[in-house]
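Undergrad: Here it is, the structure, as structure tokens.
Number of protein chains: 2
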Amino acid sequence: MTLDNVDALLFDVFGTVVDWRSSVTAELEAFADRKGISRGTVDWGKFAQQWRTGYIVNTRKIAEGGGGPSNVDLLHRQLLDELLASSEWATIANYWTEDDRQYLNLAWHRLKGWPDTTEGLYALKKQRIIATLSNGNVRLLVDMAKHSDLPWDAVFSGDLFGSYKPNPKVYLGGPQQLSLPTEKCAMVAAHIHDLRAAASHGYKTIYVRRSGEDVGISADVKSKTEGGDVDIIVDSFIELAEVLKRK
Amino acid sequence: MTLDNVDALLFDVFGTVVDWRSSVTAELEAFADRKGISRGTVDWGKFAQQWRTGYIVNTRKIAEGGGGPSNVDLLHRQLLDELLASSEWATIANYWTEDDRQYLNLAWHRLKGWPDTTEGLYALKKQRIIATLSNGNVRLLVDMAKHSDLPWDAVFSGDLFGSYKPNPKVYLGGPQQLSLPTEKCAMVAAHIHDLRAAASHGYKTIYVRRSGEDVGISADVKSKTEGGDVDIIVDSFIELAEVLKRK
């Protein structure tokens, strides 16, 4: 098997390990219920998507050398305040107290795994080193791991290495801390751009198809044996643990 | 209880979490057996102690700004080669091939916990964030955790923060990554100098009495309620989990 020499699996987290969309939307809907905002009047899924999009745009800008918070908690809060100050969400802004903003900003610490996540990670942990390589800050990732039973061997974050993916400092930092060449590491992600950036530094690549991630893209991703550019494609971590089993 | 506000426990590892002396001595004795070196002729406990002392002297020198490897695997190997080149160990030096040196240098990745360690850490993990704050490198700590079932929430090492304890960068790095003021962290160690350095940065302190550590010192360490300077003194992690239970 082409990945027999891989000693460590480095995981993207948001979307790959956890279902951010359902988790954040559910917390927003519960908030709306507490405030007496009727369900049909606000598209909370759209609100969650805009929050997430702001994160993606800003982490990428900072990774390329632009200014902004290196800690995702601070970035998420700045983005939340901007959303609530925009005309689109003016009708709901008044409901949000300072306490609500603080509490819901930490919804990103309480994201739930996909149905296969915990079982799959426990199986993978028996075979390899499993670690995060996420743009989320360490505290966020630690809280999430405790909340959703994610048994990481190590928690690596962009903040720890001074930038965000796709900055090379992040891709090189994880393997360096594990005393491994990048060729002995595989990046696991539901986003092809993450895998392509990792591969440019020598990583092996594992693509996980996840509902709502890489929309309009994932169907065209092919493995090397199919003429594409990723090493392995799977639909779950449980499947991955089967595929990676060393004979 | 004085430590109710503590959200994270940061652990010294060598001597506090794992019994380096028995583990390393046992690996050296097994090596001697494989080589046919008779048991009575070499004091392997003394060899282990000299290796460890070299580590303590050198990490401290580097922490204070001196030169030397920031990665403990490299430092351990350099010290091992120096020991075997010394006149004291000349009679055994010839037995060590390059493979033996590489293999036994990694004995520090295979250290075993004290009898209470694993059960105690699982209990503490339910109450607080538990993380290493060790001079060992991340890979060493990850290998050791897998080998000896140490369920860390996060693995922090000196190398990750660019120095060794007692350099302030290390004591400040862990809490910063956990988004906590040092006052909400407790340092857990079997070495009073480690706790005093941590306390100087605002940490709470937990002293664990461990056989063979702080020899000639540990009996004089007192808690604040006894007129001393540490917050809590315990004899095991299981006892610590009982003491820290939030009512």
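Protein chains in written order, with the numbering used here: chain G, 1384 to 1630; chain P, 1384 to 1630.
Each residue gets a CB set at the ideal place from its N, CA and C atoms; glycine is no exception.
Going residue by residue through the stretch 1486-1559 of chain P, where are the continuous alpha helix (DSSP H) segments of at least 4 residues, counting only ones entirely within it?
TA: Runs found: 1500-1508, 1521-1531, 1541-1544.
Undergrad: Indicate, with yes or no, if the ligand ADP has a heavy atom lying under 6 Å from the CB of residue 1598/P.
TA: This structure lacks the ligand ADP; in fact it carries no ligand of any kind.
Undergrad: Which residues, in chain order, does the stretch 1545-1570 of chain G contribute to contact with chain P at a C-beta distance below 8 Å?
TA: Within the stretch 1545-1570 of chain G, the qualifying residues are 1560, 1561, 1562, 1563.
Undergrad: By a C-beta neighbour count over all protein chains shown, 10 Å radius and 16 as the cutoff for buried, is residue 1564/G buried or exposed?
TA: Answer is exposed; the Cβ neighbour count stays below 16.
Undergrad: Using only CA atoms, which one of 1423/G, 1430/G, 1581/G lies nearest to residue 1354/G?
TA: Here chain G covers residues 1384 to 1630 and nothing more, so residue 1354/G does not appear.
Undergrad: Using 10 angstroms around the beta-carbon of residue 1610/P, count the other beta-carbons present and answer buried if the total reaches 16, otherwise exposed.
TA: So residue 1610/P ends up on the exposed side.
Undergrad: At least one CB of chain G closer than 7 Å to the CB of residue 1345/P: is that the case?
TA: This structure gives no information on residue 1345/P, because the portion of chain P shown stretches from 1384 to 1630.
Undergrad: Can the beta-carbon of residue 1496/P be found closer than 7 Å to that of residue 1571/P?
TA: Contact flag unset, no.
Undergrad: Measuring straight from C-alpha to C-alpha, what distance separates residue 1428/G and residue 1533/P?
TA: Residue 1428/G and residue 1533/P: Cα-Cα distance of roughly 39 Å.
Undergrad: What separation, rounded to the nearest whole angstrom, lies between the Cα atoms of residue 1555/P and residue 1584/P?
TA: Their Cα atoms are separated by approximately 8 Å.
Undergrad: Are three or more beta carbon pairs between the stretch 1505-1518 of chain P and the stretch 1472-1485 of chain P nearer than 8 Å?
TA: With a cut-off of 8 Å, the stretch 1472-1485 of chain P and the stretch 1505-1518 of chain P do not count as touching, because too few Cβ pairs lie within range.
Undergrad: Going along the stretch 1523-1537 of chain G in order, which residues come within less than 9 Å of chain P, judged by CB to CB distance?
TA: Hits within the stretch, in order: 1523, 1524, 1525, 1526, 1528, 1529, 1534, 1535, 1536, 1537.
Undergrad: Anything in chain P within Cβ reach of residue 1458/G, meaning under 9 Å, just list it in chain order.
TA: Under the 9 Å cutoff, chain P gives no residues; its nearest Cβ is about 13 Å from residue 1458/G.
Undergrad: Would you identify the three-state DSSP class for residue 1590/G, choosing helix, strand or coil?
TA: Looking at residue 1590/G - three-state DSSP - the assignment turns out to be strand.
Undergrad: Kindly provide the ranges of any beta strand (DSSP E) runs that are 3 or more residues long and lie completely inside the stretch 1417-1466 of chain G, ordered along the chain.
TA: Runs found: none.
Undergrad: Can you list, in chain order, the residues of its chain with a C-beta nearer than 7 Å to that of residue 1456/G? Leave out the 5 residues immediately preceding and following it.
TA: These residues qualify, in order along the chain: 1488, 1520, 1523.
Undergrad: Identify whether residue 1572/G lies in helix, strand or coil by the three-state DSSP scheme.
TA: Three-state DSSP puts residue 1572/G in a strand.
Undergrad: Considering only the beta carbon of each residue, do residue 1436/P and residue 1591/P sit closer than 7 Å?
TA: Against a cut-off of 7 Å, the Cβ pair of residue 1591/P and residue 1436/P comes out as no contact.
Undergrad: Alpha helix (DSSP H) containing residue 1627/G: first to last residue?
TA: 1620-1627 is the span of the alpha helix (DSSP H), which, as asked, contains residue 1627/G.
Undergrad: Please check if any C-beta of chain G sits within less than 7 Å of the C-beta of residue 1455/P.
TA: Not closer than 7 Å to any Cβ of chain G, the Cβ of residue 1455/P fails to qualify, so no.
Undergrad: Should residue 1530/G and residue 1493/G be called a contact, given that it needs their Cβ atoms to be closer than 7 Å?
TA: Contact flag set, yes.
Undergrad: When DSSP labels each residue in this structure, what does residue 1411/P get in the three-state scheme?
TA: Here residue 1411/P sits in helix by DSSP.
Undergrad: Shortest alpha-carbon distance to residue 1501/P belongs to which of 1525/P, 1485/P, 1535/P, 1518/P?
TA: Taking only the C-alpha atoms, the option nearest residue 1501/P is 1535/P.
Undergrad: Buried or exposed: which applies to residue 1588/P, given that a residue is buried once 16 or more other Cβ atoms fall within 10 Å of its Cβ?
TA: When all chains shown are included, residue 1588/P counts as buried.
Undergrad: Alpha carbon to alpha carbon, how far is residue 1551/P from residue 1442/P? Give it in angstroms, no decimals.
TA: Between residue 1442/P and residue 1551/P, the C-alpha separation is close to 14 Å.
Undergrad: Alpha carbon to alpha carbon, how far is residue 1394/P from residue 1484/G?
TA: About 33 Å.
Undergrad: Short of 7 Å in beta carbon distance, which residues of its chain neighbour residue 1595/G, apart from the five on each side in sequence? Order them along the chain.
TA: Excluding residues within five positions, the ones whose Cβ falls inside 7 Å are 1404.
Undergrad: For a test of the three-state rule: what should DSSP assign to residue 1405/G, helix, strand or coil?
TA: Helix, per DSSP.
Undergrad: Tell me, please, whether the CB atom of residue 1521/P is closer than 7 Å to any CB atom in chain G?
TA: Closer than 7 Å: yes.
Undergrad: Can you tell which of 1615/G, 1444/G, 1471/G has the C-alpha that lies nearest to the C-alpha of residue 1425/G?
TA: Here the closest residue by C-alpha is 1471/G.
Undergrad: List the residues of chain G whose Cβ lies closer than 8 Å to the Cβ of residue 1543/P, in chain order.
TA: Result: 1543, 1560.
Undergrad: What does the alpha-carbon distance come out to for the pair residue 1566/G and residue 1602/G?
TA: If I take the Cα positions, the gap works out to 26 Å.
Undergrad: Return the bridge partner residues of residue 1616/P from the DSSP annotation.
TA: Paired residues: 1590/P.
Undergrad: Which residues in the same chain have their Cβ closer than 6 Å to the Cβ of residue 1408/P, if we skip the five residues on either side of it in sequence?
TA: Correct list, in chain order: 1427, 1428, 1431.
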